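Residue numbers (mature numbering (1 follows the signal peptide of the UniProt record, and there is no 0)): -22 to -1, 1 to 1050.
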Amino acid sequence: MGHRSFCSAILILSFLLTLETSQYSSCHASTNTRSNTLACIEEERLALLDFKSSFNITTGVNHLNGLLSSWTGDHCCQWHGVVCSNRTIASENGRVITELRLRNKVYPDSFGYIIDVPNRLNARELSSALLKLRYLEHLDLGWNDFSGSSVPSFLGSMPRLRYLNLSNARFHGLVPHQLGNLSRLRVLDLSSGPGEYDSQLFVENLNWVSALKSLRRLDLSRVDLQRASDGFAKVLNMLPSLTYLRLSSCRLGNVSEGDPNQIKLLFGDYVNSTLLQHLDLSVNGLRGSIPDVIQKMQSLRVLDLSANLLNSSIPLWLGSGLENLVRINLGFNYLTGGVPDSLVNLTSLEFLDLSFNALEGSIPRSLLNLCNLKVLDFTMNKLNGTLLETFNTTSLSRCTGNSLEKLSLRWNKITGPLPVWVGQYLVSLKILDFSNNSFYGPIPESFGNLSKLKILDLSHNQLNGTVPQTLGQLSLLKALILSSNSLEGTLSEAHLANLSSLKELDIGVNPLAFHVTSDWVPPFQLTYVNFRSCNIGPEFPNWLSTQKQIITLYLSNTSISDVLPPWFPYLKSHFLDLSYNNISGKLPTFLTPKALYMNLYLSNNKFEGPMPTFPFNLNRLDLTNNLISGPLPSHIGNMTPTLDNLLLSGNKINGSIPDSLCQIRTLRVLDLSKNRLSSDVPDCWSNFKILAVLDLSENNISGVIPSSFGSATALKSLHLGNNSLNGEIPISLKNCTNLVILDLGENRLFGNLPKWIGKSLLNLEILRLRSNMLKDNIPLEFCRLTQLQVLDLSQNNISGTIPSCFGNLKGMTTGDGTASEIGIYRWSTTYGENMVQFMKGKELEYTKTLRLLVNMDISGNQITGTIPTELTKLVALRGLNLSDNHLEGNIPAMIGNIKTLESLDLSKNQLSGSIPHSMSFLNSLSHLNLSYNDLSGEIPSGNQLQTLDDPSIYVGNSELCGAPLPECETSKPPGSENGQNQGHGDNDDDNLDGFYISLSAGYVTGLWGVLGILFFKKKWRDAYFKFVDNIKERASSAIKTRVTSQRRGNRGNQNHIDEWIWTSVEELEQRR
């Protein structure tokens, strides 16, 4: 019984202990629960609300629903971006805030560029309320907007900070040195991306950075460091834990600009670099060679020196001792030499970008044995050889085929056929770019095995054959680019049936046909279509009506002979090119696309009728060479207020130029030439500050040239030729100092040639003033137009002499078309300069070759004096026309120096002397006219002159002889060019004088012997005069016939002959 009681007591005691323990555990659990849900301390909660109030959250509802929408209530540790500690601090009576993560979400495109940052927090400046978060260790405010305010210095008073990220938060100004007080800081990111803010942060010196002994990651990209680069290496040596250094776009290249090896100067003393894993110095414009200090960075995994001015070869040590490298980017430099074989030692390498350099030679075979390589980019180099030589099946590694995702050899000099092994081994490829090389032959069928391929670009090669149907197996393909080859055959539905992911189809500039059934519905939705110069006509392709996402559509020169279908205006394309077809009918009213702009290229078709209403966001309109009629819309300025290019040349547009056109201040190119416009030009051009090309030529415009043209100071090309403009050339044009082309020819302008043209328009390369009523001398100021390539002053009333200083016109001595600004308009893709010049005896229109033309035409004036010998310095001249003036003297002896001369016209002057022998050296000469002068002597023979065998070239020069004219008399004493003796000594001269004296004496003796007999013998005298009467009648008849048949240039010579004959006959009659 006692024992049982004892056991019972024990059981009761155990129960009580268990119950107590259970209650204690329950109580402890409850305490922990309260601890975990305990609100943040009130002071910090209020600080957060104060911080929230500094943001402008009333500008849009998105902000209220974004980062700070949850910042309500007492439990601030549950607010978005707020992180509290897991333990409480008794003295604070709550959980303290240790992290504030308010980095905004960004949306990049497929290339990694940020295209959208919604719901950015916006404040005038960073609130000092953050100072009340005394335990804050992590602060991230990236991708918000602090309105260009400066980084506050109070951040240096937050000593617990270990992580500070203010990247892309739109701060600018001086970075405060107080940040150097953050001794615990491990990560500092003040970087920003391009275009994030007009201004950027800058640093006066980097001494404060050296105090951040714990720093592991430093990103100052786009912070201006050009003032603080001194002692740069010394500062880095004070950061022993640094593993990540990114200084992209910091203007480091502006330091010591004269030093050819800036990058070595920058890193020369950097010795504490063994822990560095990431080094990015891209986009700094640094000169010199890749610094040797990099080979000591044995922990380096990422090396980015792209977009600098490095001009050395790739060092061999790059592939030795840096086996940890995962990523190398040396693109966009000036690296030379070959690709070193040592790179094969980088077995961890995943990314190798050597694009946009000047590397030569072949690609090392061993590169494709790098098993981890994912990206290999050799774009824009000078690599050559064939891929069959570079790689073969025995050198290929299976592991490469499993890893390589991008292979780009774009813009090199690689030749040979496309290798079959690409489709057999590189089965992981997503991007294959062999464009702009010299590959030839067919596209291998094996390319259809690249099942992961997304981009295939084989454009701009010499490929031929048909497009293999196996490409239709590439169901992930987004871009198929085969343009600018010699591919032939037909592209059909079978080629495209499985390409459900396709977005870009580019087969333009191939002799390909694209034929599908009229009811075909493609499995894809294209955004980019290029069928330029393919055969898809004659009907308009109906399948395009199913494509609702097309942005760019090229259908130019595709043999379409149809009208636009009713659904076509609903495509809403941003860029539409239907040029060079045979499309007829009236233009539809195009719907406004959901884009900032729209471009329409509809030139060289048969569109007719009046101009319709166009979308208000129309940026470029090209209707050149159609049948558009009627006047320009009177409200065109309101209809299309953002026009950049308006090209309406070669239509039937009539009426006047509407005043509203002057409201389109965005115009850069305006071409209304070759229409039927009339009336005056409105004087309202003062608002055109960016107008560069104005072409109103070949209309029937009258009145004076508006003085407001002088306010369009950006003009580079002004064409007003072939109209009915009158008055003087306005002096306001002297303000258009950027003019390269000034064409006022074939009008009714009068007055003197303006001297200010030579003083102000110093960039002129073409000056055309032909066929006006301009007068006075050629101003000597014209000699200052050193860029001039075409000078056309013909058919005016200009007098005086040709300035000898024309020999200083450098544009006519070099003829460097590559340096010419003619037709270089980067903001216009279709406007083409054209100019009519009288060359080779006829009018020729120059278009694409205009910038190569070098011509001087001063014909049809009243020019006197001699031809300056200085003109023979213009050795780039292709045409020289001085005809129909009053020039005299000799043709310059050194005319043969102008070896590029193709057309030479000196006709209808009073030039004398012989034709210079040097003219036979003009090997390019195809047109020559020396007619109606007073030239004499033998025509030079040999070389190009032998091919110019038309006698009319020399007609009107009675003293010329030799082919193609009659041969010269063999007894004629030899003379030299221009009447000067060549090679005769004194003895020869004496003998020649005696010869002429003897000849004269004999002639006089013989003449008097005959006359004496006639004087004393009457019968002889009667018979002689009877004979003379017969001669008189025959001569009279012959002279009348010949006089009526002679041309103007020979009329004077015939009159002399006629007068001499009749005088002789009358004297004989009197003597009788």
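C-beta: ideal position from N, C-alpha, C; glycine also. Here the structure is a predicted model, which means the values were calculated and not measured.
Query: Backbone CA spacing between Lys83 and Trp121 [nearest angstrom]; Result: 8 Å
Query: Cutoff 7 Å; reference Arg138; Cβ partners in own chain excluding five residues on either side; Result: Tyr113, Leu114, Glu115, Arg162
Query: Proximal residues to Thr221 (C-beta, below 8 Å), its chain only, five neighbours per side dropped; Result: Arg194, Arg195, Leu253, Leu254, Gln255, His256, Ser277
Query: Exposure label - Met751; buried when at least 16 CB within 10 Å; Result: exposed
Query: Nearest-angstrom Cα separation, counted from Arg148 out to Pro154; Result: 16 Å
Query: Residue interval of the beta strand (DSSP E) (run including Asn491); Result: For the record, residue 491 in the displayed sequence is Ala; it is not Asn. Looking at the DSSP string, the run of the beta strand (DSSP E) that includes Ala491 is 490 to 492.
Query: Simplified DSSP assignment, three categories, for Phe124; Result: coil
Query: Rounded C-alpha distance that separates Gly934 from Ser919; Result: 19 Å
Query: Assigned secondary structure, Val671 (DSSP; H/G/I helix, E/B strand, else coil); Result: strand
Query: For Leu382 and residue 1053, the rounded distance between their alpha carbons; Result: What is shown of the chain runs -22 to 1050, which leaves residue 1053 out entirely.
Query: DSSP-derived helix/strand/coil call for Met275; Result: coil
Query: Three-state secondary structure assigned by DSSP to Tyr548; Result: helix
Query: CB-CB length for Ile642 against Val659, believed under 8 Å; Result: About 15 Å separates the two Cβ atoms, so there is no contact after all.
Query: Phe784, buried or exposed, once every other Cβ within 10 Å from all chains shown has been counted against 16; Result: buried
Query: Residue environment, Arg748, which counts as buried when at least 16 other CB atoms sit within 10 Å; Result: buried
Query: Range of the contiguous beta strand (DSSP E) that encloses Glu20; Result: Segment 20 to 31 is the alpha helix (DSSP H) holding Glu20; no beta strand (DSSP E) there.
Query: Span of the alpha helix (DSSP H) around Leu474; Result: 471 to 474
Query: Spatial distance of Met275 from Ser251 (CA atoms); Result: 6 Å
Query: Contact belief for Ser837 with Asp794 at Cβ below 8 Å, rounded distance in angstroms; Result: The pair is not a contact, with the Cβ atoms about 26 Å apart (cut-off 8 Å).
Query: DSSP state of residue 1059 mapped onto helix, strand, coil; Result: Residue 1059 falls outside the range modelled here, since the chain spans only -22 to 1050, and no answer is possible.
Query: Residue closest to Thr536, alpha-carbon to alpha-carbon, out of Phe509, Ser31, Asn616; Result: Phe509
Query: Segments assigned alpha helix (DSSP H), at least 4 residues, entirely inside the stretch 671 to 740; Result: 734 to 738
Query: 4-residue-minimum alpha helix (DSSP H) runs that sit fully inside the stretch 735 to 812, ordered along the chain; Result: 789 to 792
Query: Sequence-distant residues of its chain with Cβ nearer than 8 Å to Lys572 (five each side left out); Result: Lys550
Query: Where Lys630 falls: helix, strand or coil (DSSP); Result: strand
Query: Exposure label - Asp282; buried when at least 16 CB within 10 Å; Result: buried
Query: Opening and closing residue of the alpha helix (DSSP H) in which Ala17 lies; Result: Run containing Ala17: none; DSSP gives neither H nor E here.
Query: With 16 other Cβ atoms within 10 Å as the buried cut-off, status of Thr357; Result: buried
Query: Presumed contact (8 Å Cβ cut-off) between Gln767 and Ile744, rounded CB distance; Result: 6 Å
Query: Reduced DSSP secondary structure (H/G/I, E/B, other) of Val1043; Result: Its pLDDT being 39, under 50, Val1043 is placed unreliably by the model, and the measurement read from it follows with that caveat. Looking at Val1043 - three-state DSSP - the assignment turns out to be helix.
Query: Expected contact under 8 Å - CB spacing of Ile514 and Asp484 to nearest Å; Result: About 14 Å separates the two Cβ atoms, so there is no contact after all.
Query: Identity of the residues DSSP links to Glu482 by a beta bridge; Result: Ala457, Tyr506
Query: Candidates Pro781, Tyr248, Phe417: closest to Gly394 by CA position; Result: Phe417
Query: Secondary structure of Gln924, DSSP reduced to three states; Result: helix
Query: Cβ-based neighbour list, Lys191, same chain, cut-off 8 Å, excluding 5 preceding and 5 following; Result: Ser161, Met216, Leu217, Pro218, Ser219
Query: Pairwise C-alpha distance: Arg81 and Leu168; Result: 13 Å
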